[in-house]
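Novice: Next up is a structure, given as structure tokens.
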Amino acid sequence: MKPQERIRILFVDDDVTYAPLTQEYLESNGFAVTLVHQSEQGLARFRDQSWDLCILDVRMPFKDGFTLAREIRAIDPEIPLIFLTGQTEKSERLTGWQLGADDYVTKPFSLEELVWRIQAILRRSRPPEPPVAAILEVGAFRFLPDLQLLEGPTGSRRLSGIESQLLDLFLRHPERSLDRETALRRIWSDEHLLHGRSLNVY
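So the mapping is simple: the working numbering equals the position in the sequence shown, first residue as 1, plus 1.
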């Protein structure tokens, strides 16, 4: 997660005393939290913009958190959900898990622990960033090992697998003199090739 990114959390809880305190604590930990106290307001806000995670109180008047979760998931099936409840009935918790809850927190709860749970869910739910292709440079040439591509002033050339491994080996050890046996053992695993003249070809 980049420092400049603020995770957007939609928080729906009819508790007007402790919910604002939870919002304040989450915001002090770098989250951007929108708090509403009714399910209909929550659904309207969810439709208005994109969110990274929703925290929903289960027991709310007019429309409970489970109903709201179904409506939210109909819009975005992948949105992470955390349910808050003061109830511990097994049937209620099962309903939450069946709806695809990512976590279930029973009141009263530790605010610090809630932050940890949110961070853990976000790590699991966010796709990993694609690795940045390595680029090795020497003089006017650029070598991209993952693509087996050598670029120079007059154009680019796709290298063979062995050529790429050899060039990668030399460029990663610019200050070292590599002997023939080291190069052979790094690239060829077949014992009979180690004692042959395979390297001479390159």
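Here a beta-carbon is modelled for each residue, glycine too, at the ideal position from N, C-alpha and C.
Which runs of the beta strand (DSSP E) fall wholly inside the region 31-111 and span at least 3 residues, in chain order?
Specialist: 33-37, 54-58, 82-86, 104-107
Novice: In whole angstroms, what is the alpha-carbon distance linking residue 17 and residue 125?
Specialist: Residue 17 and residue 125 have their C-alpha atoms some 31 Å from each other.
Novice: So, with DSSP's three-state summary, where would you put residue 140?
Specialist: coil
Novice: Closest by CA to residue 77, which one among 48, 156, 135?
Specialist: Of the residues 48, 156, 135, the one whose Cα lies closest to the Cα of residue 77 is 48.
Novice: Does the region 138-147 come within contact of the region 159-173, defined as at least 3 CB pairs closer than 8 Å?
Specialist: yes
Novice: Taking all protein chains shown into account, decide if residue 140 is buried (16 or more other Cβ within 10 angstroms of its Cβ) or exposed.
Specialist: exposed
Novice: Could you give the residue range of the alpha helix (DSSP H) that holds residue 165?
Specialist: 162-172
Novice: If you draw a straight line from the alpha carbon of residue 86 to that of residue 62, how long is it in whole angstroms?
Specialist: Our two residues, residue 86 and residue 62, have alpha carbons roughly 13 Å apart in a direct line.
Novice: When burial is assigned at 16 or more other CB atoms within 10 Å of the CB, is residue 165 buried or exposed?
Specialist: buried
Novice: Using the C-alpha atoms, what's the distance from residue 43 back to residue 58?
Specialist: 11 Å
Novice: Can the beta-carbon of residue 207 be found less than 7 Å from the beta-carbon of residue 38?
Specialist: No information on residue 207 is available, as it lies outside the stretch 2 to 203 that the chain covers here.
Novice: Measuring only the C-alpha atoms, how far is residue 82 from residue 25?
Specialist: 19 Å
Novice: Nearest by alpha-carbon distance to residue 121: which of 53, 21, 12 is it?
Specialist: The shortest CA-to-CA distance from residue 121 to any of 53, 21, 12 is the one to 53.
Novice: Using CA coordinates, which residue listed in 106, 137, 12, 162 is at the minimum distance from residue 153?
Specialist: 137
Novice: Should residue 34 and residue 28 be called a contact, given that it needs their Cβ atoms to be closer than 7 Å?
Specialist: yes
Novice: Please list, in chain order, all residues of the same chain as residue 101 whose beta carbon is under 7 Å from its beta carbon, the five residues on each side excluded.
Specialist: If we look at residue 101 and ignore the five residues flanking it on each side, its Cβ neighbours are 74, 82.
Novice: Secondary structure at residue 8, three-state DSSP: helix, strand or coil?
Specialist: Residue state, collapsed to three classes: coil.
Novice: Does DSSP classify residue 158 as helix, strand or coil?
Specialist: strand
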